[in-house]
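Numbering (the numbering used here), first residue to last: 22 to 103. Ideal Cβ placement from N, Cα and C applies to all residues, glycine included.
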């Protein structure tokens, strides 16, 4: 997806990367742990250095319980200037 940003009467294009997933867990505690680990994950750049990414997993809505499992929809968003 590409978003347009207008700066000083010029238009810059920003690429927005999104990845979606649904996390499934047998308890709220387990669901919370998995979601928090995803949100706080460390990333390696192309040269192998670890850094905190400006992009993060974010929850979409609240957790949902269906029979014996809990679910949480999450999206990974990263903006890249071109």
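Query, Result
"Neighbourhood of residue 54 by C-beta distance below 6 Å, restricted to the same chain and skipping five residues each side", "none"
"Beta-bridge pairing of residue 87 - partner residues as DSSP gives them", "90"
"Sheet register partners of residue 96 (DSSP bridge)", "41 and 79"
"Reference residue 50, options 79, 95 and 90, closest by Cα", "90"
"Residue 39 Cβ short of 6 Å to the ligand GDP heavy atom set", "The ligand GDP is absent from the structure shown, which contains no ligand whatsoever."
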